[in-house]
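Asker: Chains as they are written, first to last, in my numbering: chain A, 1 to 141; chain B, 142 to 282; chain C, 283 to 423.
Ideal Cβ placement from N, Cα and C applies to all residues, glycine included.
The structure presented is a predicted model; accordingly, all values stated were derived computationally and were not measured.
One structure, pasted below without further comment.
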Amino acid sequence: MPLWTIHYTPGIFDEEEKHRLAARITDHYEEVGLPRFYVVTLFHEVRPGDFYVGGEPVTAGVRVVIDHIARRNPDRESRRRTARWIKRMLQPHLERIAGLHWEFHVDETSDDLWMINGIAPPPPGSDAEKLWAASNTATPY
Amino acid sequence: MPLWTIHYTPGIFDEEEKHRLAARITDHYEEVGLPRFYVVTLFHEVRPGDFYVGGEPVTAGVRVVIDHIARRNPDRESRRRTARWIKRMLQPHLERIAGLHWEFHVDETSDDLWMINGIAPPPPGSDAEKLWAASNTATPY
Amino acid sequence: MPLWTIHYTPGIFDEEEKHRLAARITDHYEEVGLPRFYVVTLFHEVRPGDFYVGGEPVTAGVRVVIDHIARRNPDRESRRRTARWIKRMLQPHLERIAGLHWEFHVDETSDDLWMINGIAPPPPGSDAEKLWAASNTATPY
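Quick look at the structure:
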């Protein structure tokens, strides 16, 4: 469910930092009950001449686009809590970089329009979802 | 309208398979009345070190992001039907690959905020849309 | 807030044209009151073998995906106005290219699920937003 696409300019992340960030993001979702394999993280390096903020090319930029599918926030306060939760995942990895523009936003889409390995994932909080979380695989249920 | 963005790890698709999959996807939308040129498919190869599932790099992954604009499902059952319809497009191309994580989700957005070649596409099911489908071009109407 | 992702086939834009287009897009959002740094533009070159329209590879294609976060249109007529406004930003840069398929769509997402440099941006039209626009930086408020 969560799909994180992380656009970044060269030099922000090396191989090891990407792995560590992807693992850390996954840890956070696991803590709230999601199967680890629900979390997909794609890194996409973008050259400064392809990455503009305010109409100007930037040499240090990170733009994160997050799709939330398995869970939806019911109201404004819970959406804001989610934003602060995401901030806490990213900030330790990014605050060390001077002059960085970093930004994220989340889109919430329907879990009815989602499949993993051809299977519609089980309802949130169901026993089947707990089994998926425990086994960390998508099995027919 | 449908925009399919297909992120995949190296070795999943060769040139010919990409063409075949894009054509097959388009066939399905044409069958339900859409002009063929509404269907845009973008393939995006992602190295394993940039593609994480559950916080770990994967060597065989396909993550499909679909934007539906021209048509919107009115309720849960029709959304689930749409998901199964999309599964049937993808599965024959993907089930041959051992150990593959493949996943898709669909976002539904407003057809008011959409233009092709500077033209707002005609209403769903209208005579103008049928003309666009028959001629397979965006012409003023 | 607006995130523009511009997928294009090789030869459509050179470095200078990308910069000019990114600046022009930003000018338009600034005119309606947004801080310039709210506008992020990412260019993504896609080889013809990875870019399909109607199931066939295209040699001249531009597909623009726009996320609107800070502002949301209240009704159909304002959405259509927004689409025409975006068309006017793109058309001068694209109409010179013979045989081009160009297309855009906009998704509207919640401003509660959005942060820049770890800060939730101020409410639309607020004094704090005007300060951000005047200083062109994200400062605590």
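#1: Excluding five sequence neighbours on each side, which residues of the same chain lie with their C-beta closer than 6 Å to the C-beta of I147(B)?
#2: Buried or exposed: which applies to N399(C), given that a residue is buried once 16 or more other Cβ atoms fall within 10 Å of its Cβ?
#3: Determine the DSSP secondary structure at R63(A), reduced to helix, strand or coil.
#4: Expressed to the nearest angstrom, what Euclidean distance is found between the alpha-carbon atoms of A134(A) and L413(C)?
#5: With 16 as the cutoff for other CB atoms within 10 Å, does W226(B) come out buried or exposed?
#6: Take the Cβ of Y282(B) as the centre, count every other Cβ of all protein chains shown within 10 Å, and call the residue buried at 16 or more, exposed below.
#7: Can we say the stretch 152-160 of chain B touches the stretch 49-64 of chain A, given the rule of at least three CB pairs closer than 8 Å?
#8: A365(C) CB to nearest chain A CB: under 8 Å?
#9: Secondary structure at Y334(C), three-state DSSP: helix, strand or coil?
#10: Given a cut-off of 8 Å on the beta-carbon distance, is the pair I207(B) and W145(B) in contact?
#11: Considering only residues of the same chain and omitting the five flanking positions on each side of T308(C), which have a CB-CB separation below 7 Å?
#12: Short of 8 Å Cβ to Cβ, which residues in the stretch 239-261 of chain B face chain A?
#13: Rounded C-beta distance between L254(B) and A304(C)? I'm assuming under 8 Å.
#14: For T323(C), list the residues DSSP reports as bridge partners.
#15: Establish whether the CB of D67(A) and some CB of chain B are separated by less than 8 Å.
#16: Taking only beta-carbon positions, decide if V335(C) is within less than 8 Å of chain B.
#17: Between E15(A) and chain B, is any beta-carbon pair separated by less than 8 Å?
#18: On a Cα-Cα basis, can you pick out the residue from A138(A), N136(A) and P121(A) that is closest to R221(B)?
#19: How should P284(C) be labelled, buried or exposed, when 16 other C-beta atoms within 10 angstroms of its C-beta is the threshold for buried?
#20: Which same chain residues end up closer than 8 Å to E244(B) when comparing Cβ atoms and leaving out the 5 residues on each side of it in sequence?
#21: Which residues, in order along the stretch 173-207 of chain B, keep a beta-carbon less than 9 Å from a beta-carbon of chain C?
#22: Using the Cα positions of V106(A) and N277(B), report the straight-line distance between them to the nearest angstrom.
#23: Could you tell me the boundaries of the beta strand (DSSP E) in which D248(B) lies?
Answerer: Short version:
#1: In the second sequence, residue 147(B) corresponds to position 6, counting from 1. Hits under 6 Å: F184 and V205.
#2: The residue labelled residue 399(C) in the question sits at position 117 within the third sequence. Buried, because 16 or more other Cβ atoms sit within 10 Å of the Cβ of N399(C).
#3: The residue labelled residue 63(A) in the question sits at position 63 within the first sequence. It is a strand residue.
#4: The residue given as residue 134(A) occupies position 134 in the first sequence. The residue given as residue 413(C) occupies position 131 in the third sequence. Cα-Cα distance, rounded: 49 Å.
#5: Numbered from 1 along the second sequence, position 85 holds the residue referred to as residue 226(B). Classification for W226(B): exposed.
#6: For the purposes of this step, residue 282(B) is taken as residue 141 along the second sequence, with counting starting at 1. By the 10 Å Cβ count, Y282(B) comes out exposed.
#7: no
#8: Counting from 1 along the third sequence, the entry for residue 365(C) is found at position 83. It does not; no Cβ of chain A falls within 8 Å.
#9: Here residue 334(C) corresponds to residue number 52 of the third sequence, with the count starting at 1. Strand at Y334(C).
#10: Position 66 of the second sequence, counting from 1, holds the residue named residue 207(B). Position 4 of the second sequence, counting from 1, holds the residue named residue 145(B). Yes.
#11: In the third sequence, residue 308(C) corresponds to position 26, counting from 1. Within the same chain, T308(C) has close Cβ partners R318 and V321.
#12: L241, H242, W243, E244, F245, H246, V247, D248 and E249
#13: Looking up residue 254(B) in the second sequence gives position 113. Looking up residue 304(C) in the third sequence gives position 22. At roughly 20 Å, the Cβ-Cβ gap does not stay under 8 Å, so L254(B) and A304(C) are not in contact.
#14: Here residue 323(C) refers to the residue found at position 41 of the third sequence. According to DSSP, which records beta bridges pairwise, T323(C) is partnered with Y52(A) and W286(C).
#15: The residue labelled residue 67(A) in the question sits at position 67 within the first sequence. True, the Cβ-Cβ gap to chain B drops below 8 Å.
#16: Against the third sequence, residue 335(C) aligns to sequence position 53. Yes, because at least one Cβ of chain B sits closer than 8 Å to the Cβ of V335(C).
#17: For the purposes of this step, residue 15(A) is taken as the residue at position 15 of the first sequence. Yes, contact with chain B.
#18: Translated into the one-based positions of the second sequence, residue 221(B) becomes position 80. Out of A138(A), N136(A) and P121(A), P121(A) has the C-alpha closest to the C-alpha of R221(B).
#19: For the purposes of this step, residue 284(C) is taken as the residue at position 2 of the third sequence. Burial call: buried.
#20: Here residue 244(B) refers to the residue found at position 103 when the second sequence is read from its first residue. Hits under 8 Å: V203, R204 and V205.
#21: P176, R177, F178, Y179, V180, V181, T182, L183, F184, H185 and E186
#22: Residue mapping note: residue 106(A) aligns to position 106 of the first sequence, counting from 1. Residue mapping note: residue 277(B) aligns to position 136 of the second sequence, counting from 1. When rounded, the distance between both Cα atoms is 35 Å.
#23: If you number the second sequence from 1, residue 248(B) lands on position 107. Counting along the chain, the beta strand (DSSP E) containing D248(B) begins and ends at H242 to E249.
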